[in-house]
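*Asks:* Pasting in a structure now, in structure tokens, and then I'll have a few things to ask.
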Amino acid sequence: MDNTDLEILKLLAKNPQERFSRIAKKVGVSPRTVQKKFQRMKEVGVILHSSIIIDLSKLGYQGEATLRIVNAPGYDKAATIDALRRIPNIFLITEIIGDFDVMAIAAVKDYPSIVNMVYTVRQLVSVEKAEVDFVTDTQFPATKGFNQLFLENNQS
Amino acid sequence: MSAKVEIDEIDIKILRKLIRDSRAKLKDIAKDCGLSSTAVFNRIERLKAQGVIKGAALFFNMSQLGFMYPASIGVDMDTHRRDEVLEIISKRSNVIISSETAGSNTFRAFLIAKRLKDLEDLKQIIRKQLGSRKVTVSIWSDPQLLFDNIELEPSRS
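Protein sequences appear in the order of chains A and B. The first sequence begins at 4 in the working numbering and counts up by one. The second sequence begins at 12 in the working numbering and counts up by one.
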């Protein structure tokens with residue numbers, strides 16, 4: 004990561020959909036350089052993903068559920084994660100260090116859909132215990148916070 | 012909760028493309044949907060006006076940029092002291108989002124801490140000083156984004 008990379012990243016954090024030509028002008032390099040550096044940052048995994056933000060409440064969703072799972076002894080966490088990947092509307096899964104082993108976040112439409120999801124997860128042999136919390140956030144996949152956090156910490 | 016808006020199969024196709032890549036080119040989306048670029052542009056503008064598309068988010072590998080410990084924290088405590096807890100959390104880490112919850116916690120926050128010690132301190136302070144019943148700190152390792160997993164259904168045909 005050089006200074007130009009950081010400048011590009013800052014502009015993308017302000018507006019993830021900013022045109023490369025405009026970024027190039029602001030940074031003082033050619034659009035081709037921006038394109039190449041963007042690709043490179045994606046390849047090495049600095050930039051993971053860029054998505055639009057959708058307000059899921061407009062599409063029939065009521066909130067998000069967070070599942071915290073304790074893996075059953077003798078079972079690999081990977082088995083749990085693999086099963087979670089196949090459950091619709093789970094859009095983030097991470098191994099966690101702490102009182103629980105795996106966490107998943109899902110968009111939920113209504114109460115019965117949470118009940119079904121938790122039931123499905125508890126049925127998994129690799130799951131010993133599953134706890135759930137519900138929040139009424141419907142900004143998918145996240146609010147702007149992620150970008151802003153980066154900007155706040157990279158004031159120049 | 013805001014009112015549901017009417018969207019069709021083509022809108023969903025466009026939304027899916029943009030969830031996969033917010034920088035997708037109009038002409039590529041147009042080609043996939045069998046529409047003109049103008050028609051796609053107009054639909055995207057309509058989806059924005061309807062409040063379906065709210066903006067775009069970029070996901071970085073935070074650890075490569077010096078943010079070492081993404082974590083979530085769940086607190087079970089009296090709701091009226093929530094603001095005090097939030098203030099303490101904000102002072103010691105970068106809070107991405109915090110919300111009140113229904114379930115095993117009173118509220119939860121996602122945050123990124125610079126040092127492990129900050130997370131440990133946080134836990135102790137919330138536990139001891141603010142009389143919480145339970146504090147659960149979970150440090151994320153290896154998060155996977157599965158945005159394609161979201162189910163979108165047309166509200167009209």
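Ideal placement from N, C-alpha and C gives every residue a C-beta, glycine not left out.
Run down chain A in chain order and give the residues with a C-beta less than 7 Å from the C-beta of S143 (chain B).
*Replies:* Within chain A, no residue comes near S143 (chain B); the closest Cβ sits about 14 Å away, beyond 7 Å.
*Asks:* Leaving aside the five residues before and after A41 (chain B) along the sequence, list all residues of the same chain whose C-beta is less than 8 Å from its C-beta, in chain order.
*Replies:* Answer for A41 (chain B): S47, S48, A50, V51, listed in chain order.
*Asks:* So is S159 (chain A) in contact with chain B if we call contact Cβ pairs under 8 Å?
*Replies:* Annotation note: pLDDT 41 at S159 (chain A) (below 50); position unreliable, no value reported.
*Asks:* Residues of chain A with a CB under 9 Å from the CB of D19 (chain B): which are they?
*Replies:* Here the premise fails: no neighbours, minimum Cβ distance about 12 Å.
*Asks:* What residues of chain A sit near R119 (chain B), judged by a beta carbon separation below 8 Å?
*Replies:* By Cβ distance, chain A contributes T69, D136, V138.
*Asks:* Does any CB atom of chain A fall closer than 8 Å to the CB of M12 (chain B)?
*Replies:* Confidence at M12 (chain B) is low in this model, with a pLDDT of 48, below 50, so its placement is unreliable and the value that follows should be read with caution. Judged by the 8 Å Cβ criterion, M12 (chain B) is in contact with chain A.
*Asks:* For N105 (chain B), I'd like the list of residues in its chain whose CB is within less than 8 Å of its CB, leaving aside the five on either flank, ordered along the chain.
*Replies:* Contacts found: F78, L122, I123, A124.
*Asks:* Tell me which residue opens and which closes the alpha helix (DSSP H) that A50 (chain B) is part of.
*Replies:* Start and end: 48 to 60.
*Asks:* Check this for me: beta carbons of R144 (chain B) and D87 (chain B), under 8 Å apart or not?
*Replies:* A contact, by the Cβ cut-off of 8 Å.
*Asks:* Find the nearest neighbour of K132 (chain A) within the set A:T123, A:R43, A:R35, judged by alpha-carbon distance.
*Replies:* The shortest Cα separation from K132 (chain A) among A:T123, A:R43, A:R35 belongs to A:T123.
*Asks:* Tell me, which residues are paired with Q135 (chain B) by DSSP?
*Replies:* BP columns for Q135 (chain B) are empty, so no partner.
*Asks:* Let me know the alpha helix (DSSP H) ranges lying completely inside the segment 50 to 125 of chain A, each 4 residues or longer, listed in chain order.
*Replies:* Those alpha helix (DSSP H) runs which fall completely within the segment 50 to 125 of chain A and span 4+ residues are 80 to 88.
*Asks:* Going by beta-carbon coordinates alone, are N160 (chain B) and I72 (chain A) separated by less than 8 Å?
*Replies:* No.
*Asks:* Could you check whether the Cβ of L133 (chain B) sits closer than 8 Å to any Cβ belonging to chain A?
*Replies:* No, no contact with chain A.
*Asks:* Please report the distance separating the alpha-carbon of K28 (chain B) from that of L141 (chain B).
*Replies:* So the two alpha carbons sit approximately 46 Å from each other.
*Asks:* Look at the Cβ atom of D113 (chain A), then the Cβ atom of N74 (chain A), and state whether they are nearer than 8 Å.
*Replies:* It is not a contact, given that the beta carbons lie outside the stated cut-off.
*Asks:* Between which two residues does the beta strand (DSSP E) carrying L163 (chain B) extend?
*Replies:* Run containing L163 (chain B): none; DSSP gives neither H nor E here.
*Asks:* Figure out for me which residue from B:C44, B:S115, B:T90 has the closest Cα to the Cα of E134 (chain A).
*Replies:* Among B:C44, B:S115, B:T90, the Cα nearest to that of E134 (chain A) is on B:S115.
*Asks:* What residue range does the alpha helix (DSSP H) around T36 (chain A) cover?
*Replies:* 34 to 46 is the extent of the alpha helix (DSSP H) around T36 (chain A).
*Asks:* Among B:E111, B:A60, B:I64, which has the Cα closest to the Cα of G85 (chain B)?
*Replies:* Checking every option, the nearest Cα to that of G85 (chain B) belongs to B:E111.
*Asks:* Which full runs of the alpha helix (DSSP H) of 4+ residues lie inside the segment 77 to 161 of chain B, going along the chain?
*Replies:* Listed in chain order, they are 93 to 103, 127 to 140.
*Asks:* Give the residues from the segment 30 to 62 of chain A that approach chain C closer than 7 Å (Cβ to any Cβ), ordered along the chain.
*Replies:* Structure shown: chain C not included; protein chains present are A and B.
*Asks:* Give me, in chain order, the residues of the same chain whose beta-carbon lies closer than 6 Å to that of S54 (chain A); leave out the 5 immediate sequence neighbours on both sides.
*Replies:* For S54 (chain A), where only same-chain residues beyond five positions count, the Cβ hits under 6 Å are P144.
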